[in-house]
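Written below as structure tokens is the structure these notes are about.
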Amino acid sequence: MSAILEVSPSLSVAGRTASGVRRARVGLLGCGTIGRAVVAAITEHPHLNLDCIGALVRDTNRVRADVGAPLCTDPARVIDEADVVVEVLGGVEPARTLVIRALERGVPVVTANKTLIAAHGPELRELAHRTRTPLLFEAAVVAGVPFVGAFARRPVLSGVSALTGILNGTSHFITTGIERGADFADVLRSAQANGYAEPDSSADVSGRDAAEKLTILLHLCGASSVRVEQLCRRGIDTLSANDLTAARALGGTIKPIAHASLDAGRPGSWVGPAFVPSTHIFAQFHGVTNALHLQWGTDAPVLFAGPGAGPAVTSATILDDIVEALTAKETDTFSIGADSRRADRQTLDLSSAPASQWFIRLSGATFAPDQVAEFLASRGLTALHVESNGFGIAAITATASWRVATETAEALTSIGATVTLLPVLEASR
Ligand SMILES: NC(=O)c1ccc[n+]([C@@H]2O[C@H](COP(=O)([O-])OP(=O)(O)OC[C@H]3O[C@@H](n4cnc5c(N)ncnc54)[C@H](OP(=O)(O)O)[C@@H]3O)[C@@H](O)[C@H]2O)c1
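All the letters of the sequence shown, read from the start, carry residue numbers 144 to 572 under the numbering used here.
Here it is in structure tokens:
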């Protein structure tokens, strides 16, 4: 983090300290879990010379602990007097309207709101570019591992052919718990008791949260027309201990994965549980750890890993974004994205999972392992490894398309089997 904040001369500032260093005014939109942590972080870093001038909330009369900043319900008071606005409201509206208001007035914006940036990132980045006003959203994706800024600025880094991540700490905590023998409901309760999961954890469990983060990354990779709803997504709520036991018997584990292949010959996406071979680097990560693995053709991949979220890491990243926004120069690219509209990436169809090997587990019907292998082969799925035990029968297949894999799973379901079908992650190079 920068030692002393020198505010850009082009920005208006609130005043000077006795030593003559200018102080910057921070306006907060939202003062919940993250907003309060931002106020605390500003207080803990006096050398950054930041003052929180006010925080927008829904209801100033609600009884709440002192947050260390004046609360208000008038967004103009927070935006129009600020040198930088921090948006931590969550959701699309009123966040979108207020971010537009700030950018149109030339007030830099820092946001942690993945829902907003996934839905309107390209439009807001265009506006930031047009008004030459910084818009930074490092904390919206894997808040504790700052890499999004580099992605936004560097066309070669963002020219990846595939992205694979564990982008949601709550669902990773849950799959780790199931792997250790807990059942889904118990481990979800434990995640909530430990503060890893919200009381409403539906966005985590359904994969919606990870899909929003993947969408933001795809936009930065030039696929700026991709929408969250277009990604192929499955929740983790149907996973059972038997799936994890079967995965172990087949030499791997199951993790909540967000994957996109931007390879024109094999495009696709998958947000949901996937089989991770024990040789894959992701098999070594547990609990709430997040990770992102970037692949360029056949070159060696790059890996980012660390804490995903939580008030402390998120507010630290927001503070760094504030400093970066306030020290931006006129010549900076202002959030447009290094290569935000690659023509070859506008038409990629990411609505189904890319061709891959498949993990398939059957239960609820009496089949012998060789019958299963024969059935799979008759549908175009070659079983490479079959195991049977108390978990039923499970197999890893050779590479096949999403259509072949799902039609086979449907055929097995129609003859009475309960089927888990998951893509297999390619071993990391
Ligand atoms: N929690 C994390 O670990 C984490 C990590 C990374 C990113 N984020 C993102 O950070 C953002 C904030 O998350 P959070 O956990 O701090 O949420 P939160 O605890 O629900 O706080 C939201 C705040 O926004 C205010 N607010 C909401 N709608 C409003 C409206 N229409 N008008 C005025 N004020 C409104 C609320 O006011 P009241 O106080 O009056 O209700 C509250 O102060 C979200 O986008 C989230 O995805 C969170």
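Yeah, the Cβ is synthetic: ideal placement off N, Cα and C, and Gly gets one too.
Using CA coordinates, which residue listed in 384, 392, 303 is at the minimum distance from residue 360?
In the sequence shown, the residue the question calls residue 360 occupies position 217. That would be 303, whose Cα lies nearest to the Cα of residue 360.
Cα separation between residue 555 and residue 306?
For the purposes of this step, residue 555 is taken as residue 412 along the sequence shown, with counting starting at 1. For the purposes of this step, residue 306 is taken as residue 163 along the sequence shown, with counting starting at 1. So the two alpha carbons sit approximately 31 Å from each other.
Under DSSP, the beta strand (DSSP E) around residue 438 begins and ends at which residues?
What you label residue 438 is simply residue 295 of the sequence shown in a count that begins at 1. 432 to 438 is the extent of the beta strand (DSSP E) around residue 438.
Where does the unbroken alpha helix (DSSP H) through residue 254 begin, and where does it stop?
Working through the sequence shown from its first residue, we reach residue 254 at position 111. Per DSSP, residue 254 belongs to no alpha helix (DSSP H); it is in the beta strand (DSSP E), 252 to 254.
Output the distance between the C-alpha atoms of residue 311 and residue 179, rounded to the nearest integer angstrom.
Here residue 311 refers to the residue found at position 168 when the sequence shown is read from its first residue. Here residue 179 refers to the residue found at position 36 when the sequence shown is read from its first residue. When rounded, the distance between both Cα atoms is 22 Å.
Cβ pair count under 8 Å reaching 3, the stretch 508 to 519 against the stretch 369 to 378
no
Heavy atom of ligand 1 less than 7 Å from the Cβ of residue 256, yes or no?
Sequence index remark: in the sequence shown, residue 256 carries index 113 (1-based). Yes, ligand 1 has a heavy atom inside 7 Å of this Cβ.
On a Cα-Cα basis, can you pick out the residue from 400, 222, 341, 389 that is closest to residue 128?
Residue 128 falls outside the range modelled here, since the chain spans only 144 to 572, and no answer is possible.
Examine ligand 1 and report whether any of its heavy atoms sits within less than 7 Å of the Cβ of residue 231.
Residue 231 sits at position 88 when you count from the first residue of the sequence shown. Answer for residue 231: yes, Cβ within range of ligand 1.
For a test of the three-state rule: what should DSSP assign to residue 214, helix, strand or coil?
Indexing the sequence shown from 1 puts residue 214 at position 71. Strand at residue 214.
Any heavy atom of ligand 3 closer than 7 Å to the Cβ of residue 205?
For ligand 3, the structure offers nothing, since it holds only ligand 1.
Reduced DSSP secondary structure (H/G/I, E/B, other) of residue 355
Numbered from its first residue, the sequence shown carries residue 355 at position 212. DSSP places residue 355 in helix when its eight states are reduced to three.
Give the range of the alpha helix (DSSP H) segment to which residue 487 is assigned.
Here residue 487 refers to the residue found at position 344 of the sequence shown. Start and end: 486 to 489.
Any non-hydrogen atom of ligand 1 closer than 7 Å to residue 215 Cβ
Position 72 of the sequence shown, counted from the start, is the residue given in the question as residue 215. Flag unset: Cβ of residue 215 not near ligand 1.
If I follow the unbroken alpha helix (DSSP H) through residue 530, where does it start and stop?
Taking the first residue of the sequence shown as position 1, residue 530 is located at position 387. It is not in any alpha helix (DSSP H) - residue 530 instead sits in the beta strand (DSSP E) that spans 526 to 532.
I think residue 316 touches residue 431, with their Cβ atoms under 8 Å apart; what is that distance to the nearest whole Å?
Reading the sequence shown from its first residue, position 173 is the one you call residue 316. Reading the sequence shown from its first residue, position 288 is the one you call residue 431. Yes, residue 316 and residue 431 are in contact; Cβ-Cβ is about 5 Å, under 8 Å.
Would you say the beta carbon of residue 200 comes nearer than 7 Å to a heavy atom of ligand 1?
Working through the sequence shown from its first residue, we reach residue 200 at position 57. Yes, the Cβ of residue 200 comes within 7 Å of a heavy atom of ligand 1.
With distance defined between alpha-carbon atoms, name the residue in 570, 266, 260, 320 nearest to residue 291.
Taking the first residue of the sequence shown as position 1, residue 291 is located at position 148. The shortest Cα separation from residue 291 among 570, 266, 260, 320 belongs to 260.
For residue 542, I'd like the list of residues in its chain whose CB is within less than 8 Å of its CB, leaving aside the five on either flank, ordered along the chain.
Numbered from its first residue, the sequence shown carries residue 542 at position 399. Only 498, 499, 500 meet the Cβ criterion.
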